[in-house]
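*Asks:*
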Amino acid sequence: TVMPLGSPIGSGQGLRNEANLRIIIEEANVPVVVDAGIGTPSEAAASMELGADALLINSAIALAKNPPAMAKAMKLAAEAGRLAHFAGRIPVKQYAAASSPLTGTIS
């Protein structure tokens, strides 16, 4: 298992270097657990969307105003991010492209 830091432990700074994390995830032949720095559920989701296998979240939950609610939010965000990773995003384009069907529309 590889456990790269999202940012310094307990800092809540989120993913400070997403590009490096992406490289680690793509090149690792073992599970990748993002450890440290995650402060919000959106950062948990982003980590999982990149393809992380798991997260280790402590301070963001333990120090939250409502730890049980934050724990649930992190769980749901991690699940959503993991599902999004496997669902696959659309390709990034440099220009707009119509996505609505041209047939069956009202003219």
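Heads up, the sequence shown is in this note's numbering, so the first residue is 2 and it goes up one at a time.
Each residue gets a CB set at the ideal place from its N, CA and C atoms; glycine is no exception.
Hey, how far is the Cα of His-86 from the Cα of Ala-47?
*Replies:* Along the sequence shown, one-based indexing puts residue 86 at 85. Along the sequence shown, one-based indexing puts residue 47 at 46. In a straight line, the C-alpha of His-86 is about 9 Å away from that of Ala-47.
*Asks:* Can you give me the start and stop residues for the beta strand (DSSP E) that Ala-55 sits inside?
*Replies:* Along the sequence shown, read from residue 1 onward, the residue named residue 55 stands at position 54. Element bounds for Ala-55: 55–57.
*Asks:* Counting beta carbon pairs with one atom in the region 73–81 and one in the region 38–53, are three or more of them shorter than 8 Å?
*Replies:* Yes, they touch.
*Asks:* Going by CA-CA distance only, name the one from Arg-90, Gly-38 and Lys-73 that's closest to Ser-60.
*Replies:* For the purposes of this step, residue 60 is identified with residue 59 of the sequence shown, where counting begins at 1. Considering only alpha carbons, the answer is Gly-38.
*Asks:* Using DSSP bridges, identify the partner residues of Val-93.
*Replies:* Walking along the sequence shown from the start, residue 93 turns up at place 92. For Val-93, which the question treats as bridged, DSSP gives no partner whatsoever.
*Asks:* Report all residues from its chain with a CB closer than 6 Å to the CB of Ala-55; omit the five preceding and five following residues, and keep chain order.
*Replies:* On the sequence shown, position 54 is the one that residue 55 refers to. Within the same chain, Ala-55 has close Cβ partners Val-34.
*Asks:* Based on the DSSP secondary-structure assignment, which residues constitute the bridge partners of Val-33?
*Replies:* Walking along the sequence shown from the start, residue 33 turns up at place 32. According to DSSP, which records beta bridges pairwise, Val-33 is partnered with Val-3.
*Asks:* Just reading off the alpha helix (DSSP H) that Asn-21 is part of, what are its end residues?
*Replies:* As a working mapping, residue 21 is identified with position 20 in the sequence shown. It spans 19–28 - the alpha helix (DSSP H) in which Asn-21 sits, taken as one unbroken run.
*Asks:* Buried or exposed: where does Ala-53 fall if 16 or more other Cβ atoms within 10 Å of its Cβ makes it buried?
*Replies:* Position 52 of the sequence shown, counting from 1, holds the residue named residue 53. Its Cβ being crowded by 16 or more others within 10 Å, Ala-53 is buried.
*Asks:* Would you check if the distance between the CB atom of Ala-74 and the CB atom of Pro-42 is smaller than 7 Å?
*Replies:* Position 73 of the sequence shown, counted from the first residue, corresponds to residue 74. Position 41 of the sequence shown, counted from the first residue, corresponds to residue 42. Yes, Cβ-Cβ distance for Ala-74 and Pro-42 is below 7 Å.
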